[in-house]
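Trainee: In this text, residue positions in the sequence shown follow my numbering: the first is 18, and each later residue adds one. For every residue, glycine included, the Cβ atom is placed at its ideal position computed from N, Cα and C. Pasting a structure here, questions to come.
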Amino acid sequence: MVMRGGTSKGAYFVADELPDDPDERDLLLAEVMGSPDPRQIDGIGGAHPLTSKVAVVSPSSVPEIDLDYLFLQVGVADGSVSDQQNCGNLLAGVGQFAVERRLIAASGDRAQVRIRMVNSDSVATATFPLDAGAPSYDGDTAISGVPGTAAEVRLDFEDTAGSTCGALLPSGAVADVIDGVEATCIDNGMPTVVLRAADLGIAGDETPAELEADQHFTERLEAIRLHAGELMNLGDVRATTVPKMSLVSAPRAGGSICTRTFIPRRCHEAIGVLGAVSVATALRLRGGVGSELLNAGIDPDLVQIEHPTGTFAARVELADGPAGPVVGRSGIVRTARKLFDGVVFPKNPAFSPSASPGGSA
Ligand code: NQM
Numbered sequence: 018m019v020m021r022g023g024t025s026k027g028a029y030f031v032a033d034e035l036p037d038d039p040d041e042r043d044l045l046l047a048e049v050m051g052s053p054d055p056r057q058i059d060g061i062g063g064a065h066p067l068t069s070k071v072a073v074v075s076p077s078s079v080p081e082i083d084l085d086y087l088f089l090q091v092g093v094a095d096g097s098v099s100d101q102q103n104c105g106n107l108l109a110g111v112g113q114f115a116v117e118r119r120l121i122a123a124s125g126d127r128a129q130v131r132i133r134m135v136n137s138d139s140v141a142t143a144t145f146p147l148d149a150g151a152p153s154y155d156g157d158t159a160i161s162g163v164p165g166t167a168a169e170v171r172l173d174f175e176d177t178a179g180s181t182c183g184a185l186l187p188s189g190a191v192a193d194v195i196d197g198v199e200a201t202c203i204d205n206g207m208p209t210v211v212l213r214a215a216d217l218g219i220a221g222d223e224t225p226a227e228l229e230a231d232q233h234f235t236e237r238l239e240a241i242r243l244h245a246g247e248l249m250n251l252g253d254v255r256a257t258t259v260p261k262m263s264l265v266s267a268p269r270a271g272g273s274i275c276t277r278t279f280i281p282r283r284c285h286e287a288i289g290v291l292g293a294v295s296v297a298t299a300l301r302l303r304g305g306v307g308s309e310l311l312n313a314g315i316d317p318d319l320v321q322i323e324h325p326t327g328t329f330a331a332r333v334e335l336a337d338g339p340a341g342p343v344v345g346r347s348g349i350v351r352t353a354r355k356l357f358d359g360v361v362f363p364k365n366p367a368f369s370p371s372a373s374p375g376g377s378a
């Protein structure tokens, strides 16, 4: 099934319809998307990291968890398939997909589904409306970066602090100096490096195309990222999609902060979900790089993150603990929509589907 999840789009599969062997599975998924090829012309991917994504979903064997969700990022041009990051945007469609495929029973007018994000072994609860036992996609919730409105999907996160890097502040400091630039290296669900846009010589409200075209800037950013990867216990990150790089500046449109986020080589048209939660957390820490630019507004727990196509609201609760800040709950609102359900035909005949339409994706 192809679904839009938040501001991303991907192919959703039931786990047992894919090969058990991860190498074989990854080859199949790269073919499905049409990678390696910058245009993904011979597959269903959309030629951008935000539309070259896969969700693998199964009933969970963990007590009190309904579903396991493995996220896989398919590299558009290189055909790599990585499980090294979460995706909170595709997460927004996981509950509805599971109801569509009858992986979970659904009744009443609302589903509340506990989902284990396998990539980081952390848990999210998705809440979304139902109509006669099926997901209800229509609604009046608008999210920046998606035209029109759809039904609200509420996502509440638990245990995201340090879920990939082992600690909220994996370098052990709230601020590091990397290649002469101050940075906060943080992981509250997504390994992210927060930097002041001005420290890298940009205003911070440029378009993604303008920033991507600035080779001097992108090379400097990548050099900082490689050093940050070591500091964040991620090792050599040359070939990986984390950490993300978020450049912050004073808000321009009534929000709390303005961002431009590299994921990590393309500039995001908005901002990722757990990326937003991580940036919001960094900015709420005393001494967090860019925290002095934050407009805390009337509700400091709700950080309104401006991005290239609008604003993303991330609720992050923090408390002071004896050994530093303790991250409480975080929550965000998304929408998701079923776009297509059918059979995909990978190029390699060995992967030819035997199912009839409506069977596997
Ligand atoms: O941060 C893009 C997206 C994402 C990831 C990326 C995401 C998240 O917008 O939780 O959603 O950072 O690669 O889908």
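Should G348 go down as buried or exposed, given a rule of 16 or more other Cβ atoms within 10 Å for buried?
Mentor: Label assigned to G348: buried.
Trainee: Answer with buried or exposed for N312, where buried requires no fewer than 16 other C-beta atoms within 10 angstroms of its C-beta.
Mentor: The residue in question, N312, is exposed, as its Cβ has fewer than 16 Cβ neighbours within 10 Å.
Trainee: Under a three-way DSSP split, which group does T68 fall into?
Mentor: Helix at T68.
Trainee: Check whether the Cβ of C284 lies closer than 7 Å to any heavy atom of the ligand NQM, and answer yes or no.
Mentor: Answer for C284: no, Cβ out of range of the ligand NQM.
Trainee: What are the boundary residues of the alpha helix (DSSP H) that includes V296?
Mentor: That run of the alpha helix (DSSP H) goes 290 to 301.
Trainee: Can you find at least 3 beta carbon pairs, one from the stretch 318 to 334 and one from the stretch 267 to 274, that sit closer than 8 Å?
Mentor: Flag = yes, the stretch 318 to 334 and the stretch 267 to 274 touch.
Trainee: Jot down the residue ranges of each uninterrupted alpha helix (DSSP H) in the stretch 31 to 99, minimum 4 residues, whole runs only, in chain order.
Mentor: List check, alpha helix (DSSP H) in window: 39 to 50.
Trainee: Could you compute how far the alpha carbon of P208 sits from the alpha carbon of G150?
Mentor: Each residue's alpha carbon lies about 37 Å from the other.
Trainee: For the ligand NQM, is there any heavy atom lying closer than 7 Å to the beta carbon of Q102?
Mentor: At least one heavy atom of the ligand NQM is nearer than 7 Å to the Cβ of Q102, so yes.
Trainee: Take V360 as the anchor and find which of T24, K26, L35 has the nearest alpha-carbon.
Mentor: Nearest option by C-alpha distance: L35.
Trainee: First and last residue of the beta strand (DSSP E) that includes L251?
Mentor: From DSSP, L251 is part of no beta strand (DSSP E); its letter is neither H nor E.
Trainee: Is it true that the stretch 90 to 110 meets the stretch 43 to 54, where meeting means three or more beta-carbon pairs spaced less than 8 Å apart?
Mentor: They touch, by the three-pair rule.
Trainee: Determine which residues share a DSSP beta bridge with M134 and list them.
Mentor: Answer is Y86, S139, bridged to M134.
Trainee: Mind checking whether S263 and G292 have CB atoms under 8 Å apart?
Mentor: Their beta carbons are under 8 Å apart, which means S263 touches G292 by this criterion.
Trainee: Which whole runs of the alpha helix (DSSP H) in the stretch 175 to 203 are 4 residues long or more, in chain order?
Mentor: None, since the stretch 175 to 203 contains no complete alpha helix (DSSP H) of that length.
Trainee: Which value, in whole angstroms, describes the spacing of the CA atoms of I82 and A178?
Mentor: Going from the Cα of I82 to the Cα of A178 covers about 19 Å.
Trainee: Give a single yes or no on whether G291 has its beta carbon closer than 7 Å to a heavy atom of the ligand NQM.
Mentor: The sequence shown places Leu at residue 291, not Gly. Correct: L291 has its Cβ closer than 7 Å to the ligand NQM.
Trainee: Using only the heavy atoms of the ligand NQM, determine whether one of them is closer than 7 Å to the beta carbon of S25.
Mentor: Yes - the ligand NQM has a heavy atom lying nearer than 7 Å to the Cβ of S25.
Trainee: Since I believe V306 is in contact with V192 (beta carbons under 8 Å), could you give me their beta-carbon distance rounded to a whole number of angstroms?
Mentor: The residue asked about is misnamed: residue 192 is Ala in this sequence, not Val. Contact holds; Cβ gap of about 5 Å.
Trainee: In terms of alpha-carbon separation, which member of D318, V350, G92, D176 lies closest to V71?
Mentor: If we check each option's Cα against that of V71, G92 comes out closest.
Trainee: Is the beta carbon of P66 within less than 7 Å of some heavy atom of the ligand NQM?
Mentor: Indeed, a heavy atom of the ligand NQM lies less than 7 Å from the Cβ.
Trainee: So, I241 versus V211, is the Cβ gap smaller than 8 Å?
Mentor: Cβ atoms of I241 and V211: not closer than 8 Å.
Trainee: Measure the C-alpha to C-alpha separation of P374 and F362 and round it to an integer number of angstroms.
Mentor: Only weak support exists for where P374 lies, its pLDDT of 47 falling under 50; the coordinates are left without a value.
Trainee: Starting from the C-beta of R118, find all residues in its chain whose C-beta is less than 7 Å away, skip the five residues before and the five after it, and write them out in chain order.
Mentor: Excluding residues within five positions, the ones whose Cβ falls inside 7 Å are V31.
Trainee: Helix, strand or coil for H233? Go by DSSP, reduced to three states.
Mentor: Three-state DSSP puts H233 in a helix.
Trainee: May I ask you to report which of helix, strand or coil DSSP gives R242?
Mentor: If DSSP states are grouped into helix, strand and coil, R242 belongs with the helices.
Trainee: Looking only at C-alpha atoms, which of L300, A297, P260, V296 sits nearest to R282?
Mentor: Of the listed residues, the one whose Cα sits closest to R282 is P260.
Trainee: Could you tell me which residues DSSP puts in a beta bridge with K261?
Mentor: T209.
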